[in-house]
Structure formats: structure tokens, C-alpha cells
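Novice: Protein chains in written order, with our numbering: chain R, 1 to 396; chain H, 1001 to 1205; chain Y, 2001 to 2085.
Even glycine gets a Cβ: it sits at the ideal position worked out from N, Cα and C.
Would you mind keeping the following structure in view while I ask a few things?
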């Protein structure tokens, strides 16, 4: 059956709540556009999936003191983690052994890059020196939510949140925790924007995953968390289960620091492992929420891996990064939420901006909202460093 | 009866010294990391042309892992199912600073792709996997301090569930002039019991 | 022309961390990518940055690099024809 998912929280370019995100997905309404909150000379040359709340709006929504030292990554993370606990009707954290596993790559970089030159002289901004650390964003969220049993941070690039979800499930199965908040958060930053620009894989247009003429990715920012609970807690508290995490797998592509191998070995192994754990045949997967970043390299490599696993019978698939942009460390959790929404809505979400099939593979993603009986959804997240993860979600 | 697991070998890199199972393999009089690690890799005959492109964190993690994995004399004719679990406190901060330098002056603004590539702590796992062709599970954790319990639990879980035959674990931290690497291999056979206390003892040794 | 070729060899060794090579090891017509010097896609991107930073040439499409970076000789000719610095 798997590990029960009893709550979700999300904030992304397509909405500040589960309801808003769901509505945008069903209306094919993308949140990718022009960069507003960061001053950079690249603003005209890129498109991003930005969360519309400014830091002061987030501060207000979270009822924080004005002189707090949360960075944007922390603010987004706290917003989504709080929402996930509320969604799961958890009011007393200490009632059960509760942990948090959060993923991030940016950490407090968004503030550090703004104030680095002032740290030595401006006392007002020195509070952000401490919060640069990737682990601090998790610790601050844990402290704010009263989670004391277990807290850790995973940083494995774009598969981080998927790995956080995997670890959470393992801790529950091992009986080490009764429930766990798992997911990730990353804010946009000049550091990342410039970095991806220099790798020349960012598109100046809306990204078109799996399209023959795709030019690259759009960066995004988001935070998303799932609440996983043990069967014992679910039964005792009579919790509503949204879906089950029935399988997961992780493997290393062992090819290059940032590019994926031509035969998608890491992706292939991760998908195989997840299917094996879930005890499913490829034919039982009803929808793949692909990693689909719209870079020439990933979409080709992932397509080959998908064909190696599914053969002639590739199920409906789409990349929702055309809605949110590539949210880096949060992506695995954002797309986990979308996979659960797909199961709840019995609907496959579209792969926006797709026009032409890739000649090398002939694979066509779903391009409109499609109502379909869904029992099992597979979600891919592949990160730099060859870290490939796959999660399988099954209908409750 | 459940199989017990053991630590079959471990490597420390700290204070210009590389040691394996407590024995010094190489020691340098030079305090500066770049010069030290270059001599160490030459002395230990790493012979890997891509070594020089790596950032400090990856060079250190790679060398320590190479020492341990070469010592293990793994069969080269089959795929080795060795999972990798590494951790640190500073993430990729050393390289992040270098990268930030390349974008901090408006009139000398040239972000470096080869530096940016290393601004993630888990790239070092990628480097180790590429050289030893390891496709197994891998993860990188950020801890406040070295956490033997967490690594022990995770490694045991992978071995018991047969997700991996061996697990390469450790702590690889690089922050300004402070660096340390502690890498150990967990498998069925070995002379040191795989337990949190033993891991802590070896870490401190 | 030979001065530029020498300069490029020195720059490439330094910028791409080719510590095991000296200028004498790189012949003008050696393949830089693939079987020659064994440079990869990230090295190509670094060379694109070098073209901009040191020679004032901006490449917007990474695929253009494939032809230009064939060898030191080809690269030197291209820079001589197009340099802005």
C-alpha cells in the first residue's frame, strides 16, 4: 500500500494555496513571466516562475516580527510547511514523534547576495549572516512549528525534495517517526540566475518541455511539503488519506557533473527501482509527471529512459514545469503535490507550449487537461551530480 | 539471524595529511590546501585527468573515497552496488564564494560555468560515481555537526533492505581554511563493528 | 599569429585547469574536444566566457562553439577575424 499522505502545502508561481494551484492546473494557467522582485540586467532575457508575494507580504501573512531574519527561502518554506500541517489537521505537534526533512539549494543566498558588501558595516543586516546556511532555513521552520524530534536538510540539487520525501517514508516505515513533514524550498536568486545563464540552458521564451525546438528552462521559486503519517496514527486519528507513496527509487547516472547520459541510465534505474518497490508493472502507471526541464539534454535523456522502461506503451506524460518554472530543490515536492492532485482530480495536467514532436523519440506529451482514470502516478526528479529520483503515488 | 555489518576501512584527510585505517599514507609540510591535495593525488597515483577541474570540496571527497575504494579492491568486471551517503555543515560554501566573486563587480562581470557547476555539495558524489561507475543510491545531508547516528541508521536501512551491498559514508566539510574529510566503507565483512559508537570513535581518531 | 596561438594555449591550460599539460603538449592542429585534449561541454562554455572577457566576442548559441573550438589554429583564426579587444 505505501506510506499515507495526509496533508499538503504549497506556494508557487501558480498560487499561494493547494486550491489556487489546483485551479491554475485545471485552467492551463501558467505562472511563468517576467522577473519582478530581483534587480538584474538579465530580467529582459529570461522568463521565470516567481511567487507573487513579496517578502513583506509573506512576513505579514506569517505574522512575523518586522525584524525577523528569515530569508525568502525560509519565508516560502514556513508558509508552505504551516499550510501542510493545517491541511493535515495537526494542532499539537508533540502528540506524536514528528520530524521535518527539508530540501534546499539556495538557503539564505537570496539575502547574502543582497547584503554581502554591507555585512561588515551595517548592523541592521548582520542578522542575515547566520541564515545563509542551508540547514538554518530548515531549523527555523522546525522551531516555528515546534518540531523537535528530528530535523535535517537534504541538498542534492533538483532531486532534493524527492529524496526528502523518500527519507521521510523510510523513517516512518522504520518506526523512528510517527509522522514527518517532507519537501523543499528554494527562492530565486541572482546567483542561480547567473549560474544557469552561464551554462546556457536558460530560455528567453516560455519553456517548451519535450518540444523539438525547445531552447532551455525557465527558473522558478516555490516551497511545497507533504505530511506523511504512519498507519497507526492514521487509524487512531481517523485521518483522511489523500494518496499513498507506494514506491520510490534513487540512482546515480555516473556520467557528468551536470549533463545526463545519452541512454538516461540514472533515470532508467530510478524508475525501475520505484516500480519494483511498488510491485507494479510499467503498464500499471497511468500518468508520468516528468522532470521535463525543457533543456535539450534532459528531455532527450529522460525520453530515452522512459522508452527503455515503458517500451511501446508510454503512458500519458507531461511536465508541469511549464506552469511553475524549474523550482530546483523544491521541484520534487511541488510535483509530488501535483501528482496527488492528479489522483484526486482523476485528471492529467497538460504540458504547455508543446508544438512539435522530438524526431529522435516520437513521444508526444499530453497538451490539454485530460480526465482519465488514474490509479498510479509516477514523478521524476533528476539533479545535477547525476542524482536521479523517482516517486510513485497511488490512489487512496 | 540478521547479518551484522562492519566498517572495512576508513580514510581521514585533515591538516595536510591523508591516512587510511589510522596509518599515514601521505603527509605534507605545506599548509595550503591546493598544493597539499595536488601532491597527495600525485603521491597516491590518482591518475585521473579530470581531478584538476574539481573544486576543493570535490577534490577532497574524491581523494578520500578513492583511497577507501581502491583499498577495497572491488571487482572491475561487474557493477558494484555501493550506495553513497555524504554530509557536511558548510554545503558548497567554499565554491559559492568563488562563484560570487565572479559576479560581484559590475564592470568585470563574467560568471564562470565551471565554478558554478560545483556550487552544489552533491556534485562530489557525482565525481566519485563517474570514476568508479557507481549507479547506486546516493544522498547528501547538511548537518550542524557530524551525525554518526543518522548515517548509521540510513546505511543499515539500505543494507538490510538489500538496496545496496556496501555503503560509502562520511563527512566532507570545506569552509575557508578549515577542511576535513572522514570517509568509511560499510559492508558485511570487516574488523570494526558498524555502530554509532564505533563511527564516532573512528571520526575522532 | 603564432603569438596568439601561444597565448591561447597558455590561457586554455590555466582557465580549464589542465594541470597535466604544458604549452608544448598542445599542437596547433590537435583536436581540442573528443579524442584530442578531451575537453567537455563545460569547458566549451568556459571558452565562450573567455572569448567575451578577453577578446570581446560574444557567442549566443553554444552550438556555434563546435566549429570555432575545433583546434587552436581554427580558434586563433576566428579570433583574429572577429576580435573586439
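Would you call the CB atoms of residue 170/R and residue 229/R closer than 8 Å?
Specialist: No, the pair does not count as a contact, with Cβ atoms beyond the cut-off.
Novice: For residue 1173/H, I'd like the list of residues in its chain whose CB is within less than 6 Å of its CB, leaving aside the five on either flank, ordered along the chain.
Specialist: 1088, 1089, 1090, 1180
Novice: Could you name the residues of the segment 126-159 of chain R whose beta carbon sits closer than 7 Å to any beta carbon of chain H, in the order they occur along the chain?
Specialist: 134, 135, 152, 153, 154, 155, 156, 157
Novice: When DSSP labels each residue in this structure, what does residue 1017/H get in the three-state scheme?
Specialist: Three-state result, residue 1017/H: strand.
Novice: Identify the continuous beta strand (DSSP E) that holds residue 287/R and give its terminal residues.
Specialist: 287-289
Novice: Which residues does DSSP list as the beta-bridge partners of residue 7/R?
Specialist: 227/R
Novice: Can you grab the Cα-Cα spacing for the pair residue 954/H / residue 111/R, in whole Å?
Specialist: Outside the shown range of chain H (1001 to 1205) lies residue 954/H, about which nothing can therefore be said.
Novice: What's the C-alpha gap between residue 14/R and residue 59/R?
Specialist: 20 Å
Novice: DSSP has residue 1171/H in a bridge; who is on the other side?
Specialist: In DSSP, residue 1171/H forms a bridge with 1087/H, 1182/H.
Novice: Out of curiosity, what's the CA-to-CA distance linking residue 352/R and residue 208/R?
Specialist: 7 Å
Novice: Report back the beta-carbon spacing between residue 12/R and residue 227/R to the nearest angstrom; my notes put them in contact at under 8 Å.
Specialist: Not a contact, Cβ separation roughly 18 Å.
Novice: What's the gap between the Cα of residue 289/R and the Cα of residue 42/R?
Specialist: The alpha-carbon atoms of residue 289/R and residue 42/R are separated by roughly 30 Å.
Novice: Do residue 5/R and residue 21/R count as a contact pair if the criterion is CB distance below 8 Å?
Specialist: Not in contact: residue 21/R and residue 5/R (Cβ atoms no closer than 8 Å).
Novice: Against chain R, with Cβ distances strictly below 8 Å, would residue 2047/Y count as a contact?
Specialist: No, residue 2047/Y does not count as interfacial toward chain R.
Novice: Where do the ends of the beta strand (DSSP E) carrying residue 1191/H lie?
Specialist: Counting along the chain, residue 1191/H falls outside any beta strand (DSSP E), and DSSP gives it neither H nor E.
Novice: Just how far apart, CA to CA, sit residue 270/R and residue 259/R?
Specialist: 17 Å
Novice: Could you tell me the distance, in whole angstroms, from the CA atom of residue 74/R to the CA atom of residue 51/R?
Specialist: Distance from the CA of residue 74/R to the CA of residue 51/R, rounded to the nearest whole angstrom, comes to 14 Å.
Novice: Decide if the segment 372-379 of chain R is in contact with the segment 344-351 of chain R; the criterion is three or more beta carbon pairs, one per stretch, under 8 Å apart.
Specialist: Because the criterion of three Cβ pairs below 8 Å is met, the segment 372-379 of chain R and the segment 344-351 of chain R touch.
Novice: Would you please verify whether the beta carbon of residue 179/R is less than 8 Å from any beta carbon of chain H?
Specialist: no
Novice: Taking the straight line between their C-alpha atoms, what separation do you get for residue 7/R and residue 84/R?
Specialist: 5 Å
Novice: Looking at the unbroken alpha helix (DSSP H) that takes in residue 1114/H, where does it start and where does it end?
Specialist: 1113-1116
Novice: Do you know offhand how far residue 320/R's Cα is from residue 2076/Y's?
Specialist: 44 Å
Novice: According to a CB-to-CB cut-off of less than 9 Å, which residues of the segment 195-219 of chain R neighbour chain H?
Specialist: 195, 196, 197, 198, 199, 200
Novice: Is there a Cβ from chain H that is less than 8 Å from the Cβ of residue 2003/Y?
Specialist: no
Novice: Hey, out of 1034/H, 1052/H, 1022/H, 1068/H, whose CA is closest to residue 1184/H's CA?
Specialist: 1068/H
Novice: What are the residues in the segment 372-385 of chain R lying within 9 Å of chain H by C-beta distance?
Specialist: 383, 384, 385
Novice: Quick check on residue 177/R: buried or exposed, where buried means 16 or more other Cβ atoms within 10 Å of its Cβ?
Specialist: Label assigned to residue 177/R: buried.
Novice: Distance, Cα to Cα, residue 2044/Y vs residue 239/R?
Specialist: 54 Å
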